[in-house]
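A.B. asks: Numbering (full-length UniProt numbering), first residue to last: 1 to 154. For glycine and all other residues, C-beta sits at the position ideal for the given N, C-alpha and C. The structure is given below, and queries will be raised subsequently.
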């Protein structure tokens with residue numbers, strides 16, 4: 001018996017011999033376990049802000065200074081977004097449980113948008129300061145393809 005996320009879907013695997021009542025009980029148990037596991041793996045909003053400040057200092061000379069970074073549930077077609085005027089960054093909860101270096105890429109992407117609004121040459125030159133930028137973009141494209149959703153940058 002196991003449970004995992006596949007994009008926006010939750011998959012619960014149970015043996016075929018379980019009765020309907022037992023299966024319902026096990027589904028509930030497995031969903032509770034999965035939620036507990038994910039909550040341990042997903043950084044808090046405060047941890048995201050701290051990580052963003054560290055990434056800004058390490059790769060962007062500390063120029064973008066975000067005021068807040070938080071998880072949001074309402075981004076189904078974006079990995080992240082930001083509001084440069086307020087210094088706020090929002091990260092899609094669809095990223096929860098993904099490798100740290102992928103989440104770091106999305107944070108870097110949004111940090112750069114605090115400085116450069118468009119996806120021009122200057123923007124990409126700053127994003128590429130993150131050594132795993134290209135790898136993370138490929139990961140997100142593959143993740144989107146597997147989930148049958150169109151990838152979007154931000």
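Tell me which residue opens and which closes the alpha helix (DSSP H) that residue 65 is part of.
C.D. replies: Sequence index remark: in the chain shown, residue 65 carries index 65 (1-based). Counting along the chain, residue 65 falls outside any alpha helix (DSSP H), and DSSP gives it neither H nor E.
A.B. asks: With distance defined between alpha-carbon atoms, name the residue in 91, 68, 28, 99 nearest to residue 157.
C.D. replies: Here the chain covers residues 1 to 154 and nothing more, so residue 157 does not appear.
A.B. asks: Where does residue 35 sit, in a helix, a strand or coil, going by DSSP?
C.D. replies: For the purposes of this step, residue 35 is taken as the residue at position 35 of the chain shown. Correct three-state label for residue 35: helix.
A.B. asks: Where residue 122 and residue 116 are concerned, what is the direct C-alpha to C-alpha distance, given to the nearest angstrom?
C.D. replies: The residue given as residue 122 occupies position 122 in the chain shown. The residue given as residue 116 occupies position 116 in the chain shown. Between residue 122 and residue 116, the C-alpha separation is close to 8 Å.
A.B. asks: Could you pull the start and end residues of the alpha helix (DSSP H) that residue 57 belongs to?
C.D. replies: Taking the chain shown and counting its residues from 1, one reaches residue 57 at position 57. From DSSP, the alpha helix (DSSP H) with residue 57 extends over 45-59.
A.B. asks: Would you say the segment 48-62 touches the segment 15-31, given that touching needs at least three Cβ pairs under 8 Å?
C.D. replies: Not touching, per the Cβ criterion.
A.B. asks: Residue 5 to residue 104, Cα distance in whole Å?
C.D. replies: Counted from its first residue, the chain shown places residue 5 at position 5. Counted from its first residue, the chain shown places residue 104 at position 104. Each residue's Cα considered, the two are about 20 Å apart.
A.B. asks: Pick from 79, 45, 10, 140: whose alpha carbon is nearest that of residue 31?
C.D. replies: What you label residue 31 is simply residue 31 of the chain shown in a count that begins at 1. Ranking 79, 45, 10, 140 by Cα distance to residue 31 puts 10 first.
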